[in-house]
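Structure representation (structure tokens):
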């Protein structure tokens, strides 16, 4: 019974603990992802507001064959982008714009006036396109440099038209790190609790099984006709419980069975066939001495013969 | 030829009527022509086992007083035990249950010679295989006559000292009356008893065979003579004991036919 209990509880705990582990890790990464998304959007939006519009407009107006490093505005924007990265090193910020319906990098990212579509997949280009009109978040996406989450926020001129867009990429490895961390924190706790619970089940089942085994042995002895049971320790002590009640009932039953057997065996003794020969002879003599008997025994054979004469 | 079986016990309460009725019913069901005559006119009782609880028009008492022929007191109960299917028959000659009749028997006694004639007529007219005489307990003149004319004496006893002692007396008397076969039947034996030991003790105490040892059974007691227990409970140990007695009687009938 002990191993059955242990197996049953182990199965139940395994299901429950697996669910807890999954839920904790999943929840932690979900929260982390949400925080990151908010942070990334806020950073992109902040940068789009803070970047000097004049410099952005100048760089956006540079032609493709110009050397941007000669432009003071370009250098200034490069400094701004670098300072953002200095504050949050894992973020990769860049500025891109639209030229003849095509997205091109301006500052950061790929070289100046390089088409976005050269390195970014079509789905990412679509998100970046949307970034021209409104602040946009792009969930997990992969390009040749790695896997990212990204935010795009438009830089608007005084008239409200979009001059360029600030893009920010953030490596998703951070989310995986959070998951890893959660696993490392949660799993040992779960493993220790699991082991402790199993030990507890083992202990409780031992407490139940041991007196049951003793009662089983005791009933075996009753079957053999031994009624002086030693049930000390499991009969009612200071703390009564169901087990001690059972042991008590058992002890009383054994006592009653023993008493009944004593009664029965004494009855068996009375079944000795004892005949007092002298008394028998006296009784027989009383009958045989009568005239009726003398007459009857003389006629006995004749009576029987007549009985069968038909 | 009719085998006359007297069923007797030294004291009352041995289950004499119950055993007689059950053995007779089993023999009839097995194809024998059987009659049971209740000569316990002082305390009749065997009729209840065959389902009768009202007064009979004619009884053994009427015959003993010369009012009727013995044939008039015969009741055919073959149907009750399903005897016809096997070609067997079962007849009952009851004693009167009326208090005035019993009082008269006790006061005046009856003619034992006439009783004996009744047995003879019954055996011949019904072409019986077995005639069972259910006797009054104790050794009085009527029972001694019944014992004398019987081919087999079935002596019932309970396992207690008074019965052991009284049965020894009856066995001695039966021997002096040259009863050809004497069989003991121990009834109401508690199941805690070592039966082999008891049988051996009986053999040495009476020098007579024990046809059956019937167990003390609450079920038989609860049945309370209301019906033929061995027919309604054929698998019961008590019913098996009844069949042991039947076997002994059938074996004797086949082995040494009465002359």
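Residue numbers (the numbering used here), protein chains in the order written: chain U, -2 to 307; chain Z, 50 to 308.
Built from N, CA and C at the ideal position, the CB exists for glycine as well.
Fair warning: this is a prediction, and the values are worked out from it, not measured in the lab.
Item, Value
"Cα separation between residue 260(U) and residue 279(U)?", "35 Å"
"Where does residue 200(U) land, buried or exposed, given buried means 16+ other C-beta within 10 angstroms?", "exposed"
"For the beta strand (DSSP E) that residue 99(Z) lies in, which residues bound it at each end?", "Segment: none, residue 99(Z) is in no beta strand (DSSP E) and carries neither H nor E."
"Give the straight-line distance between the Cα atoms of residue 174(U) and residue 26(U), rounded to the nearest whole angstrom.", "9 Å"
"In the structure shown, what three-state DSSP assignment does residue 86(U) receive?", "coil"
"Tell me the DSSP secondary structure of residue 185(U) in three-state form.", "helix"
"Please compile the residues from chain Z whose C-beta is within a distance smaller than 7 Å of the C-beta of residue 268(U).", "208, 242 and 247"
"Which residues mark the beginning and the end of the beta strand (DSSP E) in which residue 145(U) is found?", "143 to 153"
"As a quick exercise: from 166(U), 237(U) and 270(U), pick the residue whose alpha carbon is nearest that of residue 78(U).", "166(U)"
"Within the continuous alpha helix (DSSP H) that includes residue 298(U), where are the two ends?", "288 to 304"
"Counting only beta-carbon separations shorter than 8 Å, does residue 256(U) have a partner in chain Z?", "no"
"Just the C-alpha distance for residue 154(U) and residue 129(U), rounded to the nearest angstrom, thanks.", "12 Å"
"So, residue 177(Z) versus residue 88(Z), is the Cβ gap smaller than 8 Å?", "no"
"Anything in chain U within Cβ reach of residue 225(Z), meaning under 7 Å, just list it in chain order.", "285 and 294"
"Quick check on residue 50(Z): does DSSP put it in helix, strand or coil?", "coil"
"Ends of the beta strand (DSSP E) at residue 124(U)?", "Premise fails: residue 124(U) lies in the alpha helix (DSSP H), 119 to 127, not in any beta strand (DSSP E)."
"What is the C-beta distance between residue 251(U) and residue 208(U), in whole angstroms, given that I count them as a contact (C-beta under 8 Å)?", "With 8 Å as the limit, residue 251(U) and residue 208(U) do not qualify as a contact, their Cβ atoms being about 15 Å apart."
"Give me the Cα-Cα distance between residue 69(Z) and residue 56(Z), rounded to the nearest whole angstrom.", "7 Å"
"Starting from the C-beta of residue 110(U), find all residues in its chain whose C-beta is less than 6 Å away, skip the five residues before and the five after it, and write them out in chain order.", "61 and 101"
"From the beta carbon of residue 211(Z), is the nearest beta carbon of chain U less than 8 Å away?", "no"
"Does DSSP put residue 140(Z) in a helix, a strand or coil?", "strand"
"Residues of the segment 173 to 196 of chain Z in Cβ contact with chain U at a cutoff of 8 Å, in chain order, please.", "173, 188, 190, 193 and 194"
"Answer with buried or exposed for residue 108(U), where buried requires no fewer than 16 other C-beta atoms within 10 angstroms of its C-beta.", "exposed"
"Any beta carbon from chain Z within less than 8 Å of residue 304(U)'s own beta carbon?", "yes"
"Take the Cβ of residue 142(U) as the centre, count every other Cβ of all protein chains shown within 10 Å, and call the residue buried at 16 or more, exposed below.", "exposed"
"Which class does residue 116(Z) belong to by DSSP, given the choice of helix, strand or coil?", "coil"
"Between which two residues does the beta strand (DSSP E) holding residue 165(U) run?", "159 to 168"
"With a 10 Å radius around its C-beta and 16 neighbouring C-beta atoms as the bar for buried, classify residue 191(Z) as buried or exposed.", "buried"
"By DSSP, does residue 285(Z) sit in helix, in strand, or in coil?", "coil"
"Give the secondary structure of residue 272(U) by DSSP, where H, G and I count as helix, E and B as strand, and everything else as coil.", "coil"
"Can you tell me whether residue 70(U) is buried or exposed? The criterion is at least 16 other CB atoms within 10 Å of its CB, across all chains shown.", "buried"
"Taking the C-alpha atoms as reference points, what is the distance between residue 308(Z) and residue 223(U)?", "Residue confidence is low: residue 308(Z) scores 41 on pLDDT, short of 50, so the model does not pin down where it sits. No coordinate-derived value is stated."
"Which residue's Cα is closest to the Cα of residue 162(Z): 257(Z), 170(Z) and 156(Z)?", "170(Z)"
"Residues in the segment 94 to 106 of chain Z with C-beta within 9 Å of chain U's C-beta atoms, listed in sequence order?", "none"
"Roughly how many whole angstroms lie between the Cα atoms of residue 116(U) and residue 64(U)?", "22 Å"
"From the DSSP output, which residues share a beta bridge with residue 183(Z)?", "56(Z) and 87(Z)"
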